[in-house]
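According to full-length UniProt numbering, the sequence shown is numbered sequentially starting from 1.
Ideal Cβ positions, reconstructed from N, Cα and C, are used throughout, including at glycine.
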Amino acid sequence: MNKTQLRRLIRQQRRSLSAQHRRYAANRFANHTSRAPELIARKHIAVYWQNDGEIDPALAIEQWLAQKKVVYLPVLHPFKAGHLLFVRYQPGMVMRHNRYGIAEPDWRYAARLPARFMSAILVPLVAFDPRGARLGMGGGYYDRSLAPCRDSGRRPLLVGCAYEFQKLERLPMESWDIPMHMIVTEDQCYRF
Ligand SMILES: Nc1nc2c(c(=O)[nH]1)N(C=O)[C@@H](CNc1ccc(C(=O)N[C@@H](CCC(=O)O)C(=O)O)cc1)CN2
Ligand SMILES: Nc1ncnc2c1ncn2[C@@H]1O[C@H](COP(=O)(O)OP(=O)(O)OP(=O)(O)O)[C@@H](O)[C@H]1O
1 MNKTQLRRLI
11 RQQRRSLSAQ
21 HRRYAANRFA
31 NHTSRAPELI
41 ARKHIAVYWQ
51 NDGEIDPALA
61 IEQWLAQKKV
71 VYLPVLHPFK
81 AGHLLFVRYQ
91 PGMVMRHNRY
101 GIAEPDWRYA
111 ARLPARFMSA
121 ILVPLVAFDP
131 RGARLGMGGG
141 YYDRSLAPCR
151 DSGRRPLLVG
161 CAYEFQKLER
171 LPMESWDIPM
181 HMIVTEDQCY
191 RF
């Protein structure tokens, strides 16, 4: 199966999970992220707004806000095609839908920072493998935006987020893929 076919299959399976399993998984996911020692001292956390059946980090976001962490969401870069900016999220703020229909904060009205200024980035993914390889939606947005973090000394902690069923035996690794430090699912935290 090629990457396109693999994406289609997993995305379809992800959208068809039951509401009950989604709730269960979102709860467990929030427990893992709030307990992971690697995340406790990190203040500036980029995460994502659930889309296309992804594991929902909304509960985790609530917990971080209650702990006075600063939460950011990805926004398609207004000038640099194919790149992301991270914009500060606060509950109740006006959100807009980007060209893929994903809600994002309006970058004109909130603090915005490139990836390297985050202390941790929770990265959505379509599939992962036990080596920490990640397959995304195929736009290359995260690969491009995280590339400057790869060799920098103060790189943010990169945490992939997925349902357990998204773990595959082995994914092809491309030269531009940025390996994750951790992957969190409803079942466990994988560390690489
Ligand atoms: N929740 C969430 N937000 C995110 C991402 C993500 O994976 N999840 N992204 C991670 O990169 C960025 C958006 N990247 C995306 C890349 C492709 C498609 C997509 O649905 N492509 C369609 C066809 C493309 C089109 O309509 O032009 C498809 O594959 O069917 C969606 C988002 C930024 N925000
Ligand atoms: N650092 C980079 N600079 C320029 N192009 C890149 C970079 N990283 C990835 N790309 C391009 O992005 C495209 C998508 O890559 P790939 O199929 O690996 O996506 P993906 O892992 O699903 O991405 P993502 O989740 O980041 O959207 C590829 O065509 C690749 O050439």
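Please name the residue in the options whose C-alpha comes closest to that of residue i.
i, options, result
"residue 176", "166, 142, 185, 6", "142"
"residue 211", "54, 73, 146", "The structure shown has nothing for residue 211, since the chain only spans 1 to 192."
"residue 20", "140, 35, 56, 174", "56"
"residue 130", "81, 2, 167, 50", "167"
"residue 7", "52, 22, 27", "52"
"residue 119", "160, 155, 5, 2", "155"
"residue 123", "159, 28, 4, 106", "159"
Which value, in whole angstroms, describes the spacing of the CA atoms of residue i and residue j?
i, j, result
"residue 94", "residue 110", "10 Å"
"residue 17", "residue 189", "21 Å"
"residue 138", "residue 104", "19 Å"
"residue 91", "residue 68", "13 Å"
"residue 113", "residue 162", "25 Å"
"residue 64", "residue 42", "10 Å"
"residue 171", "residue 108", "38 Å"
"residue 80", "residue 121", "20 Å"
"residue 97", "residue 169", "34 Å"
"residue 117", "residue 148", "11 Å"
"residue 151", "residue 115", "13 Å"
"residue 59", "residue 15", "19 Å"
"residue 61", "residue 1", "35 Å"
"residue 28", "residue 12", "22 Å"
Is residue i near residue j, with beta carbons less than 7 Å apart?
i, j, result
"residue 66", "residue 186", "no"
"residue 128", "residue 183", "yes"
"residue 132", "residue 125", "no"
"residue 71", "residue 45", "yes"
"residue 54", "residue 157", "no"
"residue 144", "residue 83", "yes"
"residue 134", "residue 173", "no"
Which word fits residue i, buried or exposed, when buried means at least 16 other C-beta atoms lie within 10 angstroms of its C-beta?
i, result
"residue 33", "buried"
"residue 85", "buried"
"residue 191", "exposed"
"residue 164", "exposed"
"residue 48", "buried"
"residue 30", "buried"
"residue 40", "exposed"
"residue 35", "exposed"
"residue 146", "buried"
"residue 101", "exposed"
Q) Any residues whose CB sits closer than 7 Å to a heavy atom of ligand 2? List them in chain order? A) Going along the chain, the residues that qualify are 3, 82, 125, 126, 134, 135, 136, 137, 138, 139, 140, 141, 142, 143, 144, 147, 174, 176, 177.
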